[in-house]
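Participant:
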Amino acid sequence: MRLSLKTTLAGLFAGLALIACAQGALAIVKLSGIRHSITEVAINWMPSVVAINAIRSEVDQVRIKQYRLVTASSDAQHRADNQRQYETSLDRVAKVRTRYEALISSPEERRLYDAFAASWSQYRRVGDDVQRMMAAGQQGEALEVLTGSRTVALYDAIRETLDRGVSLNESGAQRDADAGVTNADAATLTSWIAVGLAFAASLAATVLGMMRIARPLTQITRTTADLAAG
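Take any residue in the sequence shown, count from 1 to its spot, add 5: that is its number in my numbering.
Encoded structure:
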(Lines of atoms letter the chains of each structure in order from A; the text may use other names.)
(Lines give C-alpha, C1' and ligand atoms only; values in the text may rest on other atoms or scores of the structure.)
Protein backbone atom coordinates (compact mmCIF):
# COMPACT_ATOMS: atom_id res chain seq x y z
CA MET A 6 0.00 0.00 0.00
CA ARG A 7 1.33 3.38 -1.00
CA LEU A 8 1.27 5.87 1.83
CA SER A 9 -0.12 9.31 1.21
CA LEU A 10 2.21 12.28 1.09
CA LYS A 11 0.70 13.62 4.29
CA THR A 12 1.26 10.36 6.16
CA THR A 13 4.80 9.94 4.86
CA LEU A 14 5.87 13.47 5.77
CA ALA A 15 4.22 13.18 9.17
CA GLY A 16 6.13 9.96 9.78
CA LEU A 17 9.43 11.53 8.76
CA PHE A 18 8.95 14.55 10.99
CA ALA A 19 7.81 12.33 13.86
CA GLY A 20 11.00 10.34 13.34
CA LEU A 21 13.05 13.54 13.55
CA ALA A 22 11.29 14.47 16.78
CA LEU A 23 11.89 10.98 18.19
CA ILE A 24 15.58 11.16 17.29
CA ALA A 25 15.88 14.56 18.99
CA CYS A 26 14.13 13.30 22.13
CA ALA A 27 16.24 10.15 22.30
CA GLN A 28 19.43 12.14 21.83
CA GLY A 29 18.39 14.59 24.54
CA ALA A 30 17.46 11.84 27.00
CA LEU A 31 20.69 9.94 26.45
CA ALA A 32 22.71 13.15 26.72
CA ILE A 33 21.07 13.88 30.08
CA VAL A 34 21.91 10.39 31.33
CA LYS A 35 25.52 10.61 30.16
CA LEU A 36 25.96 14.13 31.52
CA SER A 37 24.63 12.93 34.87
CA GLY A 38 27.26 10.20 34.83
CA ILE A 39 29.97 12.70 33.97
CA ARG A 40 28.79 15.00 36.75
CA HIS A 41 28.85 12.12 39.24
CA SER A 42 32.39 11.16 38.22
CA ILE A 43 33.64 14.74 38.47
CA THR A 44 31.93 15.20 41.83
CA GLU A 45 33.48 12.02 43.23
CA VAL A 46 36.94 13.08 42.13
CA ALA A 47 36.50 16.65 43.37
CA ILE A 48 34.86 16.13 46.76
CA ASN A 49 35.87 12.59 47.73
CA TRP A 50 38.92 11.00 46.14
CA MET A 51 41.30 13.94 45.79
CA PRO A 52 40.45 15.53 49.18
CA SER A 53 41.06 12.10 50.74
CA VAL A 54 44.47 11.88 49.07
CA VAL A 55 45.33 15.35 50.35
CA ALA A 56 44.12 14.50 53.87
CA ILE A 57 46.02 11.19 54.05
CA ASN A 58 49.20 12.87 52.83
CA ALA A 59 48.68 15.49 55.53
CA ILE A 60 48.36 12.74 58.16
CA ARG A 61 51.53 11.11 56.85
CA SER A 62 53.39 14.41 56.97
CA GLU A 63 52.28 15.11 60.53
CA VAL A 64 53.17 11.57 61.62
CA ASP A 65 56.66 12.18 60.24
CA GLN A 66 56.80 15.40 62.25
CA VAL A 67 55.87 13.48 65.40
CA ARG A 68 58.76 11.11 64.75
CA ILE A 69 61.14 14.02 64.22
CA LYS A 70 59.95 15.75 67.40
CA GLN A 71 60.45 12.53 69.34
CA TYR A 72 64.06 12.33 68.22
CA ARG A 73 64.54 15.98 69.11
CA LEU A 74 63.02 15.42 72.54
CA VAL A 75 65.34 12.49 73.24
CA THR A 76 68.57 13.76 71.68
CA ALA A 77 68.39 17.55 71.97
CA SER A 78 67.09 18.09 75.51
CA SER A 79 70.33 19.17 77.12
CA ASP A 80 68.59 21.04 79.94
CA ALA A 81 65.16 21.57 81.44
CA GLN A 82 64.36 24.51 79.17
CA HIS A 83 65.22 22.63 75.99
CA ARG A 84 63.29 19.59 77.19
CA ALA A 85 60.21 21.73 77.89
CA ASP A 86 60.44 23.33 74.44
CA ASN A 87 60.88 19.98 72.73
CA GLN A 88 58.04 18.50 74.76
CA ARG A 89 55.75 21.33 73.70
CA GLN A 90 56.66 20.88 70.03
CA TYR A 91 56.05 17.14 70.32
CA GLU A 92 52.60 17.65 71.85
CA THR A 93 51.76 20.22 69.17
CA SER A 94 52.60 17.65 66.49
CA LEU A 95 50.33 15.12 68.18
CA ASP A 96 47.49 17.65 68.18
CA ARG A 97 48.03 18.32 64.48
CA VAL A 98 47.76 14.60 63.73
CA ALA A 99 44.47 14.49 65.62
CA LYS A 100 43.10 17.44 63.63
CA VAL A 101 43.95 16.05 60.20
CA ARG A 102 42.57 12.68 61.25
CA THR A 103 39.24 14.31 62.08
CA ARG A 104 39.21 15.98 58.69
CA TYR A 105 39.91 12.71 56.90
CA GLU A 106 37.38 10.65 58.87
CA ALA A 107 34.55 12.64 57.28
CA LEU A 108 35.81 11.63 53.81
CA ILE A 109 35.93 7.86 54.30
CA SER A 110 33.52 6.42 51.74
CA SER A 111 34.03 2.66 51.42
CA PRO A 112 34.41 -0.40 53.67
CA GLU A 113 37.92 -1.02 52.35
CA GLU A 114 38.94 2.54 53.15
CA ARG A 115 37.43 2.15 56.63
CA ARG A 116 39.42 -1.05 57.22
CA LEU A 117 42.64 0.69 56.24
CA TYR A 118 41.88 3.60 58.52
CA ASP A 119 41.05 1.29 61.42
CA ALA A 120 44.37 -0.50 60.88
CA PHE A 121 46.16 2.84 60.94
CA ALA A 122 44.29 3.91 64.09
CA ALA A 123 45.28 0.70 65.89
CA SER A 124 48.95 1.06 64.92
CA TRP A 125 48.93 4.75 65.80
CA SER A 126 47.51 4.00 69.27
CA GLN A 127 50.36 1.56 69.86
CA TYR A 128 52.86 4.11 68.66
CA ARG A 129 51.37 6.72 70.98
CA ARG A 130 51.88 4.34 73.92
CA VAL A 131 55.52 3.95 72.93
CA GLY A 132 55.77 7.74 72.85
CA ASP A 133 54.29 7.93 76.33
CA ASP A 134 56.92 5.47 77.57
CA VAL A 135 59.65 7.60 76.00
CA GLN A 136 58.31 10.71 77.73
CA ARG A 137 58.26 8.98 81.12
CA MET A 138 61.83 7.83 80.64
CA MET A 139 62.94 11.33 79.72
CA ALA A 140 61.16 12.75 82.78
CA ALA A 141 63.02 10.21 84.91
CA GLY A 142 66.36 11.17 83.36
CA GLN A 143 66.67 7.88 81.46
CA GLN A 144 67.74 9.39 78.15
CA GLY A 145 69.73 6.36 77.01
CA GLU A 146 66.83 3.99 77.64
CA ALA A 147 64.43 6.38 75.88
CA LEU A 148 66.66 6.50 72.80
CA GLU A 149 66.95 2.71 72.82
CA VAL A 150 63.16 2.34 72.82
CA LEU A 151 62.70 5.01 70.15
CA THR A 152 65.22 3.42 67.78
CA GLY A 153 64.39 -0.19 68.63
CA SER A 154 63.23 -2.62 65.96
CA ARG A 155 59.72 -2.86 67.44
CA THR A 156 59.18 0.91 67.32
CA VAL A 157 60.67 1.20 63.82
CA ALA A 158 58.48 -1.66 62.56
CA LEU A 159 55.42 0.01 64.08
CA TYR A 160 56.29 3.32 62.44
CA ASP A 161 56.87 1.60 59.07
CA ALA A 162 53.51 -0.19 59.38
CA ILE A 163 51.79 3.16 59.94
CA ARG A 164 53.36 4.66 56.84
CA GLU A 165 52.60 1.56 54.76
CA THR A 166 48.93 1.68 55.75
CA LEU A 167 48.73 5.37 54.88
CA ASP A 168 50.41 4.67 51.53
CA ARG A 169 47.78 2.03 50.80
CA GLY A 170 45.08 4.55 51.62
CA VAL A 171 46.57 7.01 49.15
CA SER A 172 46.76 4.31 46.47
CA LEU A 173 43.14 3.31 47.11
CA ASN A 174 41.88 6.86 46.67
CA GLU A 175 44.07 7.49 43.64
CA SER A 176 42.65 4.34 42.04
CA GLY A 177 39.13 5.54 42.80
CA ALA A 178 39.87 8.93 41.27
CA GLN A 179 41.29 7.29 38.15
CA ARG A 180 38.31 4.96 37.88
CA ASP A 181 35.81 7.83 38.05
CA ALA A 182 37.89 9.90 35.64
CA ASP A 183 37.87 7.00 33.16
CA ALA A 184 34.11 6.62 33.62
CA GLY A 185 33.66 10.31 32.87
CA VAL A 186 35.71 10.01 29.69
CA THR A 187 33.72 6.92 28.64
CA ASN A 188 30.42 8.73 29.18
CA ALA A 189 31.68 11.75 27.24
CA ASP A 190 32.77 9.52 24.35
CA ALA A 191 29.40 7.73 24.37
CA ALA A 192 27.54 11.05 24.36
CA THR A 193 29.67 12.28 21.45
CA LEU A 194 29.10 9.08 19.45
CA THR A 195 25.37 9.23 20.12
CA SER A 196 25.25 12.83 18.95
CA TRP A 197 26.99 11.94 15.69
CA ILE A 198 24.58 9.04 15.13
CA ALA A 199 21.62 11.33 15.82
CA VAL A 200 23.00 13.90 13.38
CA GLY A 201 23.38 11.19 10.73
CA LEU A 202 19.85 9.90 11.26
CA ALA A 203 18.41 13.41 11.22
CA PHE A 204 20.29 14.17 8.00
CA ALA A 205 19.00 10.96 6.42
CA ALA A 206 15.42 11.75 7.44
CA SER A 207 15.72 15.32 6.14
CA LEU A 208 17.18 14.06 2.87
CA ALA A 209 14.36 11.54 2.54
CA ALA A 210 11.80 14.30 3.14
CA THR A 211 13.50 16.48 0.52
CA VAL A 212 13.60 13.69 -2.08
CA LEU A 213 10.01 12.77 -1.32
CA GLY A 214 8.95 16.37 -1.70
CA MET A 215 10.69 16.62 -5.05
CA MET A 216 9.16 13.39 -6.31
CA ARG A 217 5.65 13.72 -4.90
CA ILE A 218 5.19 17.49 -5.02
CA ALA A 219 7.69 19.28 -7.23
CA ARG A 220 7.58 16.77 -10.10
CA PRO A 221 3.75 16.66 -10.38
CA LEU A 222 3.59 20.44 -10.17
CA THR A 223 6.14 20.71 -12.96
CA GLN A 224 4.12 18.27 -15.06
CA ILE A 225 0.91 20.22 -14.43
CA THR A 226 2.64 23.47 -15.36
CA ARG A 227 3.90 21.99 -18.61
CA THR A 228 0.48 20.56 -19.46
CA THR A 229 -1.20 23.89 -18.74
CA ALA A 230 1.34 25.68 -20.89
CA ASP A 231 0.77 23.23 -23.74
CA LEU A 232 -2.99 23.70 -23.50
CA ALA A 233 -2.62 27.47 -23.46
CA ALA A 234 -0.45 27.32 -26.56
CA GLY A 235 -3.21 25.55 -28.38
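We put the CB at the ideal spot given by N, CA and C, even for glycine.
Between which residues of its own chain and A56 is the CB-CB distance below 7 Å, once the five residues before and five after are set aside?
Facilitator: For the purposes of this step, residue 56 is taken as residue 51 along the sequence shown, with counting starting at 1. Answer for A56: V101, R104, Y105, L108, listed in chain order.
Participant: Taking the alpha helix (DSSP H) that L108 belongs to, which residues open and close that run?
Facilitator: Here residue 108 refers to the residue found at position 103 when the sequence shown is read from its first residue. Looking at the DSSP string, L108 is not in any alpha helix (DSSP H), and its letter there is neither H nor E.
Participant: So, with DSSP's three-state summary, where would you put D65?
Facilitator: As a first step, residue 65 must be located in the sequence shown, where it is residue number 60. Helix at D65.
Participant: Taking the Cβ atom as the reference point for each residue, do M139 and L74 lie within a distance shorter than 8 Å?
Facilitator: What you label residue 139 is simply residue 134 of the sequence shown in a count that begins at 1. What you label residue 74 is simply residue 69 of the sequence shown in a count that begins at 1. Closer than 8 Å, so yes.
Participant: Give the range of the alpha helix (DSSP H) segment to which G153 is assigned.
Facilitator: Counting from 1 along the sequence shown, the entry for residue 153 is found at position 148. Premise fails: G153 is in no alpha helix (DSSP H) and is neither H nor E.
Participant: Answer yes or no: the CB of A189 versus the heavy atoms of the ligand ZN, is any distance below 7 Å?
Facilitator: Absence of the ligand ZN is noted for the structure shown, with no ligands found whatsoever.
Participant: Work out the CA separation of P52 and I60 for me, nearest whole Å.
Facilitator: For the purposes of this step, residue 60 is taken as residue 55 along the sequence shown, with counting starting at 1. For the purposes of this step, residue 52 is taken as residue 47 along the sequence shown, with counting starting at 1. Whole-angstrom Cα-Cα distance: 12 Å.
Participant: Quick one: Cα of F204 to Cα of D183, how far?
Facilitator: For the purposes of this step, residue 204 is taken as the residue at position 199 of the sequence shown. For the purposes of this step, residue 183 is taken as the residue at position 178 of the sequence shown. Cα to Cα, the separation comes out at about 32 Å.
Participant: Going by C-alpha to C-alpha distance, which of I69, S37, G29, S111 sits closest to L151?
Facilitator: In the sequence shown, residue 151 corresponds to position 146, counting from 1. If we check each option's Cα against that of L151, I69 comes out closest.
Participant: Within the same chain, show all residues whose beta-carbon is closer than 8 Å to that of V54, passing over the 5 residues directly before and after it, in chain order.
Facilitator: Against the sequence shown, residue 54 aligns to sequence position 49. Excluding sequence neighbours, V54 sits near V171, N174, E175, A178.
Participant: Identify whether D80 lies in helix, strand or coil by the three-state DSSP scheme.
Facilitator: By 1-based counting over the sequence shown, the position of residue 80 is 75. Here D80 sits in coil by DSSP.
Participant: Any contact between the stretch 153 to 165 and the stretch 112 to 132? By contact I mean 3 or more CB pairs, one from each, below 8 Å.
Facilitator: A contact exists between the stretch 153 to 165 and the stretch 112 to 132.
Participant: Can you list, in chain order, the residues of its chain whose CB lies under 7 Å from that of V274, leaving out five sequence neighbours each side?
Facilitator: Absent from the structure is residue 274, since the part of the chain shown begins at 6 and ends at 235.
Participant: Could you check the C-alpha separation between E114 and I33 for me, to the nearest Å?
Facilitator: Locating residue 114 in the sequence shown gives position 109, counting from the first residue. Locating residue 33 in the sequence shown gives position 28, counting from the first residue. Spanning the two alpha carbons is a distance of roughly 31 Å.
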